[in-house]
Amino acid sequence: MGRYLLRRLVLFVPVWLGVATLVFLLVRMSGDPVLAMVGDKASPERVAELREKLGLDRPLPAQYASFLGELATGDLGESYRTQRPVLEDLRDYFPATLELTLLAMLFATAGGMALGIAAAVRRNGWVDSASMVTALVGVSVPVFWLALLALKGLGESAGLFPVGGRLSATTDLRPLTGLFTLDALLRGDPAAFADAFGHLVLPACVLATVPAAIVTRMTRAALIESLGKDYVRTARAKGLRERTVVVRHALRNSLIPILTVVGMHFGLLLGGAVLTETVFGWPGLGKYTVDSVLRRDFRSVQGALLLMATTFVVVNLLVDLLYGFLDPRVREGYEEGR
Amino acid sequence: MSGPAAAAAPAHAPSRIRDRRLRALLRNRAALAGALLLLLLVVAALGADLLAGHDPLAQALDRRLEGPSAEYPLGTDDLGRDVLARLLHGARYSLLIGGISVGIAVAVGVPLGAVAGYAGGRVDALVMRVTDVMLAFPSIVLAIAIVAALGASLPNLMIAVGVVAVPGYARQVRASVLLVKAEDYVRTVMPNCIAPLIVLATLDYGAAILEAAALSFLGLGPEVGTPEWGKMLAEAQNLFSLAPRVVIAPGLCISAAVLAFNLMGDGLRDALDPRAR
Numbered sequence: 015m016g017r018y019l020l021r022r023l024v025l026f027v028p029v030w031l032g033v034a035t036l037v038f039l040l041v042r043m044s045g046d047p048v049l050a051m052v053g054d055k056a057s058p059e060r061v062a063e064l065r066e067k068l069g070l071d072r073p074l075p076a077q078y079a080s081f082l083g084e085l086a087t088g089d090l091g092e093s094y095r096t097q098r099p100v101l102e103d104l105r106d107y108f109p110a111t112l113e114l115t116l117l118a119m120l121f122a123t124a125g126g127m128a129l130g131i132a133a134a135v136r137r138n139g140w141v142d143s144a145s146m147v148t149a150l151v152g153v154s155v156p157v158f159w160l161a162l163l164a165l166k167g168l169g170e171s172a173g174l175f176p177v178g179g180r181l182s183a184t185t186d187l188r189p190l191t192g193l194f195t196l197d198a199l200l201r202g203d204p205a206a207f208a209d210a211f212g213h214l215v216l217p218a219c220v221l222a223t224v225p226a227a228i229v230t231r232m233t234r235a236a237l238i239e240s241l242g243k244d245y246v247r248t249a250r251a252k253g254l255r256e257r258t259v260v261v262r263h264a265l266r267n268s269l270i271p272i273l274t275v276v277g278m279h280f281g282l283l284l285g286g287a288v289l290t291e292t293v294f295g296w297p298g299l300g301k302y303t304v305d306s307v308l309r310r311d312f313r314s315v316q317g318a319l320l321l322m323a324t325t326f327v328v329v330n331l332l333v334d335l336l337y338g339f340l341d342p343r344v345r346e347g348y349e350e351g352r
Numbered sequence: 459m460s461g462p463a464a465a466a467a468p469a470h471a472p473s474r475i476r477d478r479r480l481r482a483l484l485r486n487r488a489a490l491a492g493a494l495l496l497l498l499l500v501v502a503a504l505g506a507d508l509l510a511g512h513d514p515l516a517q518a519l520d521r522r523l524e525g526p527s528a529e530y531p532l533g534t535d536d537l538g539r540d541v542l543a544r545l546l547h548g549a550r551y552s553l554l555i556g557g558i559s560v561g562i563a564v565a566v567g568v569p570l571g572a573v574a575g576y577a578g579g580r581v582d583a584l585v586m587r588v589t590d591v592m593l594a595f596p597s598i599v600l601a602i603a604i605v606a607a608l609g610a611s612l613p614n615l616m617i618a619v620g621v622v623a624v625p626g627y628a629r630q631v632r633a634s635v636l637l638v639k640a641e642d643y644v645r646t647v648m649p650n651c652i653a654p655l656i657v658l659a660t661l662d663y664g665a666a667i668l669e670a671a672a673l674s675f676l677g678l679g680p681e682v683g684t685p686e687w688g689k690m691l692a693e694a695q696n697l698f699s700l701a702p703r704v705v706i707a708p709g710l711c712i713s714a715a716v717l718a719f720n721l722m723g724d725g726l727r728d729a730l731d732p733r734a735r
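Written out as C-alpha cells, the structure is:
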C-alpha cells in the first residue's frame, strides 16, 4: 500500500506542474489584460506604466519563472476587480463551492442509490423503466436550464425557497469554516442554519441531477450483477428475508463500484457548479471563475483555474487511493504491472 | 454500464434468454427513438427557412411577447421575433457546432493517439502526460479558459469544445492501437478501433452540444441576438414570469438534441462493442 501511495503521489507532481504551465499560457494568450483594466481611453503612458508594474512587459520565460516563484511562495497576486489578494478571494469563495458540491454529492448518492436499488429489485417492472428513463433524461438536460427553471419557478415566482447568495441580508453569521450550515450549527444558531440551508438546498438539488442519474444507472447495474452471484443464491437458500439478502449481501458487495462512480464524477459536479453558481448568484469558485473570465481579471482567472484543477486532481487521487484501499486487487495489480 | 448487468444472471437459462431478447428489443427501441429524434432535428435544421415562415432575426416591436397564434405558433420573444423560427434555426446551429467540434476532436485526437500507440516510448509518454494535464480540469472549466484565451466567438467556441474532447479520442485510439499491435490481426482493427470510436463520437456529439450551449449561455459564444439555443436562454432568462415558454422551449430543444445522441450512442455501443455485451 505504501508503494502504491508513493507512486500515485509522485505522478501528481508533473501533472500539477503541467496544469500550472497550461494555466499560465492560456491566461497569457488572452490578449492584453491591461486594456481590460484601464479601458480604451487610458493614455499609452498609463498603459505602459501598469504593464510594467504587473511585469507584463518582460519576456514570457521571465514571466513564467516569476510565476512559478510566486506560486512556490503561495502568492497569487492581486485581483484588480476585487482589489484584494487572489488567495484571500479564493479562501472566501472556495468554501461556498465545497458546501454546495458536498451536499449535491450527498443528494446524488442517496437519491441515485435509492432509485437504482428500486430498479434492480423490480427489474423490468415499471419502477425500473421509469428510473431508467429518468436517468437517461437526467444526463441529457442542461444543468444551467434546470437551474434557471428552479430559480425562477420555485424560487422567485413561487417563493418556496430564498434565492440569491448564501444567506438572507437579515441573518448575521460570523464564519468559522466558511461552510455556513456547519458554522451555524457550531455557533448554536438554528435560525441561521435554517436560512443557510434554505439557500443551499435548491442549487444543491439542481447540481445533483446529472450525478444522480449516473449513480442510478451504476447502482442498478452493480446490484443486478451481485444479485446473480452464488453468494446471493446461498443467502436466499438459507431462507434469509429478501430485504436482508439485497441490503446485507448484494448491496454491500456493490458499494465499491458505486462509490467509485460517485468519486469519479466529482469533476462533473465541479463543472456543473460553475453553471449552477452563475445562475443562482452563489458566491463560489465557479461564479468567481466566470466573473473573472468575463472581466478579464487575469490574476484571479489564474488563481481560480489553478484551484479548480488542484481540487479536481486531489479528489481523483483520493478516490483512486480509496479504491486501492478497498479493493486489494487494484493496488496489487498496480504494483505487479509496473 | 450495461456490461456488468448483461453479463450477470448466469442462472435460469430459459428465462434469461427471453430476458436478453427483451432487453435487446428495449435497447433497440431506445436507439430507434434516438434516431427518430435526430431525424426530427435534421429536418428542422434543413427545413428551418421553409418551416418557420418568419425570419429568425426579424423584429416586430409592436408584437412583443405575444402568445401562440396561427401566425406565430410558439409566440414571439421580447423583441417580437418568431420563437419557432429561432428554435428551428437553433437546431442548425447546434448540429453544426456539435459536428464541427467533434470533427476537430477526431482530427486531432485520432492521429495523436495513433502516433502515441505506434511509436511508444517518449512520444507516448509525452502525449499521455499532455492528456493527463488536460484531464486535470473539469471539461467545461478548460473550455471556458480556452475560449477566454482565444476570445469569445462562435468559431473559438467550437475550437474550445473540440480541443477539450481531444484526450478522450487520443486515449481511446492509443488503447486500440496497443491492442491491435499485440494481436497482430489486421482483422481486429475494425471492431477494436473503429467501433469504439463511432460510439465515442456519437456520445461526444451530444456532450459537445451541451457544452457549447453552456459556453454560449455564459456569454462566451455567438454574438447577441444569434438564434442559438444557449444564447436564447441567456437572453430570455428574465422573461420567465412574463412568458415562461421563451425560457422553457430552448432548454427542451437542447435536452432533446443531447438525448438523441445519448440514445443513439448507447444503442450503438450495445450493437457494435463486443466488450459491452
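Sequences listed follow chains A and B, in order. Residues in the first sequence are numbered consecutively from 15, following this note's numbering. Residues in the second sequence are numbered consecutively from 459, following this note's numbering. The beta-carbon is built from N, C-alpha and C at its ideal position, and this holds for glycine as well.
Residue A/G277 holds the alpha-carbon nearest to the alpha-carbon of A/L332 among A/A86, A/G277 and A/L283. Around B/G533, the same chain offers L523, E524, G525, P526, S527, V541, A701, R703 and V704 as residues with beta carbons nearer than 8 angstroms, after the five sequence neighbours per side are excluded. Taken through DSSP and simplified to helix, strand or coil, A/T303 comes out as helix. CA-CA distance, A/F194 to A/F207, rounds to 7 angstroms. Annotation: the continuous alpha helix (DSSP H) that includes A/N267 extends over R266 to M278. Its chain contains R98, P99, V100 and R313 as the residues whose beta carbon lies nearer than 8 angstroms to that of A/E92, once the 5 sequence neighbours on both sides are disregarded; these appear in chain order.
Beta bridge pairing from DSSP links B/T534 with B/D540.
Comparing C-alpha distances from B/V560 to each of B/F675, B/A618 and B/G683 shows the shortest one belongs to B/A618. Taking a 10 Å sphere around the C-beta of A/F339, we find fewer than 16 other C-beta atoms and assign the residue as exposed.
Between B/A572 and B/R629, the C-beta spacing is not below 9 angstroms. Ranked by how close their Cα comes to the Cα of B/A565, the residues B/V581, B/V624 and B/S699 have B/V624 in first place. In its chain, beyond the 5 residues on either side, no residue has a beta carbon closer than 7 angstroms to the beta carbon of A/A76.
Between B/A491 and B/L668 a beta carbon distance of about 19 angstroms is seen, past the 8 angstroms cut, so the two are scored as non-contacting. For A/L104, same chain residues with a beta-carbon under 8 angstroms away, outside a window of 5 residues either side, are L90, L299, Y302, G317, A318 and L321 in chain order. Under DSSP, A/E92 shares a beta bridge with A/P99.
If you draw a straight line from the Cα of B/P596 to the Cα of A/F326, it is about 7 angstroms long.
DSSP places A/N138 outside both helix and strand once states are collapsed to three, so it counts as coil. For B/L545, the closest of B/G557, B/V605 and B/L515 by C-alpha to C-alpha distance is B/L515. Contact between B/V500 and B/L553 holds, since their C-beta atoms are separated by about 7 angstroms, short of 8 angstroms. Taking CB atoms only, B/G664 has a neighbour in chain A less than 9 angstroms away. In the displayed model, A/E63 falls within a helix according to three-state DSSP. Sequence-distant partners of A/R231 (beyond 5 residues in either direction) whose C-beta falls short of 6 angstroms from its own C-beta, in its chain, are A149. At least one beta carbon of chain B lies nearer than 9 angstroms to the beta carbon of A/W30. When Cβ-Cβ separations below 9 angstroms define contact, B/Q695 makes contact with chain A. Cα atoms of A/V229 and A/A122: separation of roughly 7 angstroms, rounded to the nearest angstrom. When rounded, the separation of the alpha-carbon atoms in A/L282 and A/P225 is 7 angstroms. In the three-state scheme derived from DSSP, where H, G and I count as helix and E and B as strand, A/D46 is classed as coil.
For a Cβ distance threshold of 8 angstroms, residue set V288, T303, V304 and V307 of chain A lies close to B/I602, ordered along the chain.
Taking 9 angstroms as the cut-off, the Cβ atoms of B/D590 and A/G285 do not count as close. Secondary structure note for B/F698: it is in no alpha helix (DSSP H), with a DSSP letter that is neither H nor E.
Rounded to the nearest whole angstrom, the C-alpha separation of A/F280 and A/A287 is 10 angstroms.
Here DSSP, grouped into helix, strand and coil, assigns A/Q316 to helix. In this structure the region 199-219 of chain A touches the region 114-128 of chain A; the number of beta carbon pairs closer than 8 angstroms is three or more. Sequence-distant partners of A/G178 (beyond 5 residues in either direction) whose C-beta falls short of 6 angstroms from its own C-beta, in its chain, are G295. Minimum Cα-Cα distance from B/D662 among the listed residues A/L40, A/P271, A/L165 and A/S154 corresponds to A/S154. Counting along the chain, the unbroken alpha helix (DSSP H) around B/L658 starts and ends at A653 to F675.
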